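Data block below; observations after.
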Amino acid sequence: MNYGYAIVRAALARAIVAAGLHPALGLHHSHRSNLFCLADDLIEPLRPLVDACVRQLAFAGETELTQPVKAELLDLLTAEVQVGEFAGPLMVSLHRYVASLVKALEGVARELEVPVRCNSAVTAACGS
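Residue numbering for the sequence shown follows the working numbering, beginning at 420 and increasing consecutively.
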């Protein structure tokens with residue numbers, strides 16, 4: 420699971436920087452040696468996406484972190500998710516997610532638009 424979390428965390432960090440935010444300035448996470456506190460805050464509601472993928476891989480008998488398993492976990496970034504009215508790849512949706520945080524910080528919006536999986540899209544991205 421840690422490898423999957425690292426993939427999503429890195430993509431989140433890129434989206435955070437692209438939105439003009441500083442990834443070291445977190446909302447709940449804070450530590451002087453952690454440069455990705457905000458990414459750690461924003462990844463929390465996304466953990467079930469990684470967990471579902473790892474679960475599918477485990478059911479398929481994949482219990483070692485091999486190159487094919489790493490590739491399957493990387494495919495999470497192309498899994499279709501829903502953010503508000505938009506459905507698309509997780510990588511694109513992360514930018515919408517962070518943009519909703521910016522709107523909330525500016526006082527324009529009251530809620531974050533968190534990516535949620537579409538039907539069995541995560542399962543499909545994980546080789547099942």
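All residues carry an ideal CB built from backbone N, CA and C; glycine is no exception.
These figures come from a predicted structure and were not determined experimentally.
| Asked | Found |
| --- | --- |
| Would you say residue 433 faces chain E, with C-beta separation under 8 Å as the test? | Of the protein chains in the structure, only one exists, and it is not chain E. |
| Using the rule of at least 16 other Cβ atoms within 10 Å of the residue's Cβ for burial, across every protein chain shown, is residue 534 buried or exposed? | buried |
| Considering just the uninterrupted stretch of the beta strand (DSSP E) at residue 499, what are its terminal residues? | 499-502 |
| Quick check for students: name the residue ranges of the alpha helix (DSSP H) that lie wholly in the segment 466-496, counting only runs of 4 or more. | 466-478, 486-493 |
| With distances taken between CB atoms, is the gap from residue 446 to residue 431 smaller than 8 Å? | no |
| Using a Cβ-Cβ cutoff of less than 6 Å, which residues in the same chain neighbour residue 465 once the five nearest sequence positions on both sides are dropped? | 427 |
| Using a threshold of 8 Å, state whether the C-beta atoms of residue 469 and residue 423 are closer than that. | yes |
| Since residue 519 contacts residue 531 with CB under 8 Å, what's their CB separation in whole angstroms? | 5 Å |
| To which residues of the same chain is residue 598 closer than 6 Å at the C-beta, ignoring the five residues directly before and after it? | A query on residue 598 cannot be resolved here, the shown segment of the chain reaching from 420 to 547 and no further. |
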